[in-house]
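**Student:** Pasting a structure below so you can have a look.
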Amino acid sequence: MPHEWNNIWVVTKDELVPKYYTWEQLKLTIWRYEGKPYGIKRVQRACNNRPMLVSFDSLPIEIQNAIGDPRKVDSILERYYEINPDAVTFYTTVKVGVKGTLETEVQEEYIINASVLQAAIKLKKARELERVSKGITIRGLMATISSDVNGFNKVLRAKYGIEHTLPSSARKFEKTYNEFVKCGYGTLISKKYNNRNAVKNTDEVRALLESMFVSQKHKPTPTEVSRQYEGFLNGYVEIINNETGEVYNPKDFKKLSKRCITSFLASWGSKVVTYSKRGGDRQKHLEQFIPYYDMKQPEYAGSMVSVDDRQPPFEYAPNERVWFYNAVDLGSECLTTWVYGVHKKGVMADFYRQMVRNYAEWGLPLPAELECESNLNSALKDTLLRDGVMFQHVHIEANNPRGKRCERYWRGFRYEKEKKKEGWQARPFAKSEPNQVSPHKVPLIPYEKIVEGCLLDIQEHNNSPHSNTKKYPGKSRWEVFLENQHPSLKAINYKSFLRYLGYKTETSCNAGTIRLQAGKYWLGDDGEIYTGQRLIELLKVVDGKELDVYWIDGNDGQVLKALVYLRGSDRCVCEAIVKPVCVRATIEKTVDGKSAEEITARYIATVNGYVSSRKKAIDKVTVIDNRTAVINNKFKIRGLNSLEIKESVEVEILDQEQNEDGEFEYNPNTVQPSFKKELAETF
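Per the numbering used here, the very first residue in the sequence shown carries number 1267; after that it's consecutive.
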């Protein structure tokens, strides 16, 4: 567009090339007329990011007309017209209905209309000021504005190749103008985008169609539902609400075309609900409709362990497979726990015991978080699998294989390792042709051989390279598991879960010793045998008492940890620790033997010291017991001399005289002491 520069009108090179000239032609033409009083004149060279400018008046008249002379106003609206940036922002971002933004062509139409209306607003204000200043009435002003807007389309077509679509009628234009001034850009958007009444299938109709589609046992197709709906409207089909017993009235529903019904039932909004109720395979429904998380793999071993059951694809008897329950450490990809059997009932307690055994044997803390399925673990969610008991965090997925990372590892075992073995059973409905059933007969495999093969696969998997070879070059999964444990992991807290997971034995404590599993145990805590005052306080509580001991064994069959509770109590009193065994022969004593002897001596000395100190603190006393075993002496045996107890006789007590102050007065006449002895007392 020509613009003013140093009091002359100019155009840039880009406005001439390549529409009217090639660059070579333009340079040659400028050179040819340089220094002459006519022809194209360059007024500024291109340099230092400045564009080359050419005098607009020096261009041929046909090029001037094509570009457009801004000094020649064909319409008064040209003075005020410009593309409104706010209109561009509004119409390119506004969302109408559920289908998103407007179409691009519609956006351009509304932007042009809004820009023209903005120019009309400015023109109206200018004319009002002009008429008021000249004392002319403003009546009929909108008619002139409407006329100018209609004529402005010629200028838009000639200069910009566009047109506005505002009403040509003055009355309708004034209505559009006033709504735009009052309510803004949204008034130009067609009502069809938000007209819900234009859709025949209302909420009631949609609900009825979905009920017909879902409720019938033979699972009708959308086409069949459309035929039934037509028969319902014509009175040939009855529809009854099973809950309320209401018989639907055809007069309350509108007629719909077959295409309308099938399109609605095939839409996502309907399918995502109806397929969920009609379908029997929840996994397919999740795969088809439900979004899922993308999770980053843990960076440390021990951060999270994923557990689930699986049946290796081998049969040891017709339709009988081995059940495995495994745990995968997600950071190292290492399988850390595995148990197996002919069925999965009752396997969970054994599985978590085995996890404790393995981690304790390796000297590692339990994982911080557990990811598991709900079927077998739901019974433990309020005890063993409560947050903070055995694991700091527990995430239980209810029938959602995509939510458990271990499912990916089971697939690798099935198709990368087990598929190559004899007796491999293909899935009956596998999608991939290489994984489908083959025509050859599949033999049965002995139970022991299946288990041995699966354990060898686990061993091979753990000794294989970690998948992230860039981060762990030359490292196996097992090495990553041992060397890359999370630094914030906590030591195994047996007291929080052993009552739920351990075995229970009823026993007692005598002489500071507890007998458990044919072994002898002393009292202590946190792996340390108590001595001194701590031992004395424990003995006061447990010695000679009936006890409940919860314990778990290690992979070697020996007691790994044993916690002591008073019989019927839920309070852990102490830990039962294996009694040290001392070496009798001096020549055979080792460092460990000397340490055991030292602990034993301190344990015994604690009890002996307590006995000795308490003995010295006890004084010797004489106890005279005057109690009698009889109630009275009413029964007597004749001739039997026995000590008779005389009954006491009450004696009258004389009143003593008191003075005014309440004190007793001494009267020497009342006391007659006699120092004369009676005759009977003389002998």
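Backbone N, C-alpha and C define an ideal beta-carbon position, used for all residues, glycine too.
(1) Report the three-state DSSP secondary structure of Asp1791 (helix, strand or coil).
(2) Contact defined as beta carbons within less than 8 Å: I believe Leu1710 pairs with Gly1689. What is the distance between those atoms, to the nearest angstrom?
(3) Closer than 8 Å, CB to CB, is Leu1767 near chain C or not?
(4) Can you grab the Cα-Cα spacing for the pair Lys1391 / Ile1402, in whole Å?
(5) May I ask which residues mark the beginning and end of the beta strand (DSSP E) holding Trp1289?
(6) Thinking just about the alpha-carbon of each residue, which of Glu1445, Tyr1766, Asp1723 is nearest to the one in Trp1676?
(7) Compare the Cα-Cα distances from Ala1777 to each of Lys1770, Gly1810, Leu1755, Ala1757 and report the closest residue.
(8) Who are the near neighbours of Met1656 in its chain, counting only those whose CB is closer than 6 Å to its CB and skipping five residues on each side?
(9) At which residues does the alpha helix (DSSP H) containing Asp1616 begin and terminate?
(10) Determine, using beta carbons only, whether Tyr1869 and Ile1795 come nearer to each other than 8 Å.
(11) Output the residue ranges of the alpha helix (DSSP H) runs that lie fully inside the segment 1722-1780 and measure 4 residues or longer, sorted by chain position.
(12) Does the separation of the CB atoms of Val1708 and Val1588 fall below 8 Å?
(13) Determine the DSSP secondary structure at Phe1446, reduced to helix, strand or coil.
(14) What residues in its chain sit with their C-beta under 8 Å from that of Arg1833, if we drop five residues either side in the sequence?
(15) Going along the chain, which residues of its own chain have a beta-carbon closer than 7 Å to the beta-carbon of Gln1702, five neighbours each way excluded?
(16) If I follow the unbroken alpha helix (DSSP H) through Trp1817, where does it start and stop?
(17) Taking its Cβ as the centre, do 16 or more other Cβ atoms sit within 10 Å of Glu1270, making it buried, or is it exposed?
(18) Which residues mark the beginning and the end of the beta strand (DSSP E) in which Thr1602 is found?
(19) Quick check on DSSP: helix, strand or coil for Lys1274?
(20) What are the partner residues of Tyr1591, as DSSP defines its beta bridges?
(21) With a 10 Å radius around its C-beta and 16 neighbouring C-beta atoms as the bar for buried, classify Ser1569 as buried or exposed.
(22) Relative to the alpha-carbon of Lys1683, which residue among Gly1768, Pro1579, Lys1736, Phe1747 has its alpha-carbon at the smallest distance?
(23) Which residues does DSSP pair with Ala1664 in a beta bridge?
(24) Helix, strand or coil, according to DSSP, for Glu1512 in the structure here?
(25) Would you check if the distance between the CB atom of Leu1829 and the CB atom of Tyr1760 is smaller than 8 Å?
(26) Nearest-angstrom Cα distance between Ala1615 and Asp1575?
(27) Enumerate in chain order the residues of its own chain whose CB-to-CB distance from Lys1687 is below 8 Å, with the five nearest sequence positions on each side excluded.
(28) Rounding to the nearest angstrom, what Cα-Cα distance links Gln1373 and Leu1383 in this structure?
(29) Please work out which residues of its chain come closer than 6 Å, Cβ to Cβ, to Ile1404, disregarding the five sequence neighbours upstream and downstream, and give them in chain order.
(30) Please check the pair Leu1596 and Val1571, which I expect to be a contact at CB under 8 Å, by giving their CB distance rounded to whole angstroms.
(31) Identify whether Ser1542 lies in helix, strand or coil by the three-state DSSP scheme.
(32) If we count the other Cβ atoms within 10 Å of its Cβ and call it buried at 16 or more, is Lys1285 buried or exposed?
(33) Is the beta carbon of Thr1528 less than 8 Å from the beta carbon of Phe1479?
(34) So, do the segment 1636-1645 and the segment 1658-1665 have three or more beta carbon pairs nearer to each other than 8 Å?
(35) What residues are listed by DSSP as bridge partners for Ile1843?
(36) Whole angstroms is fine: what's the gap from Cys1526's alpha carbon to Leu1474's?
**Tutor:** The short version:
(1) Reduced to three states, the DSSP call for Asp1791 is strand.
(2) Correct: roughly 7 Å between the Cβ atoms.
(3) Reference to chain C is not applicable here, since this structure consists of a single protein chain.
(4) For Lys1391 and Ile1402, the distance between alpha carbons rounds to 14 Å.
(5) Taken as a continuous stretch (DSSP letters only), Trp1289 belongs to no beta strand (DSSP E), being part of the alpha helix (DSSP H) at 1289-1298.
(6) Nearest option by C-alpha distance: Asp1723.
(7) Of the candidates Lys1770, Gly1810, Leu1755, Ala1757, the residue whose Cα lies closest to the Cα of Ala1777 is Gly1810.
(8) Closer than 6 Å at the Cβ level, and outside the excluded window around Met1656, lie Leu1650, Phe1763.
(9) Residues 1613-1628.
(10) Cβ atoms of Tyr1869 and Ile1795: closer than 8 Å.
(11) Here the runs fully enclosed are 1743-1749, 1760-1767.
(12) No, they are not a contact pair.
(13) Per DSSP, reduced to three states, the secondary structure at Phe1446 is helical.
(14) Glu1772, Lys1811, Glu1812, Leu1813, Asp1814.
(15) So the qualifying residues of the chain are Ala1692, Ala1696.
(16) Not the alpha helix (DSSP H): Trp1817 falls in the beta strand (DSSP E), residues 1812-1819.
(17) Classification for Glu1270: exposed.
(18) Run containing Thr1602: 1600-1607, per the beta strand (DSSP E) assignment.
(19) Note that residue 1274 corresponds to Ile in the displayed sequence, not to Lys. In this structure, Ile1274 counts as strand in the three-state DSSP scheme.
(20) Secondary-structure assignment with DSSP links Tyr1591 through a beta bridge to Asp1575, Val1605.
(21) The C-beta of Ser1569 has 16 or more other C-beta atoms within 10 Å across all chains shown, which makes the residue buried.
(22) Of the residues Gly1768, Pro1579, Lys1736, Phe1747, the one whose Cα lies closest to the Cα of Lys1683 is Pro1579.
(23) Under DSSP, Ala1664 shares a beta bridge with no residue.
(24) It is coil, neither helix nor strand.
(25) Taking 8 Å as the Cβ cut-off, Leu1829 and Tyr1760 qualify as a contacting pair.
(26) Taking the straight line joining both Cα atoms gives about 14 Å.
(27) The beta carbon of Lys1687 sits closer than 8 Å to the beta carbons of Phe1580, Gly1719 from its chain, once the five residues preceding and following it are set aside; these are given in chain order.
(28) Near 15 Å, if we compare the C-alpha coordinates of Leu1383 and Gln1373.
(29) Short of 6 Å from the beta carbon of Ile1404, and not among the five residues preceding or following it, lie these beta carbons of its own chain, in chain order: Glu1394, Arg1397.
(30) With a Cβ gap of about 7 Å, Leu1596 and Val1571 count as contacting.
(31) The three-state secondary structure of Ser1542, taken from DSSP, is helix.
(32) Result: exposed.
(33) No; because the gap between Cβ atoms is not below 8 Å, this pair is not in contact.
(34) The answer is yes - the segment 1658-1665 touches the segment 1636-1645, with three or more Cβ pairs under 8 Å.
(35) DSSP lists Trp1788 as the beta-bridge partner residues of Ile1843.
(36) Whole-angstrom Cα-Cα distance: 14 Å.
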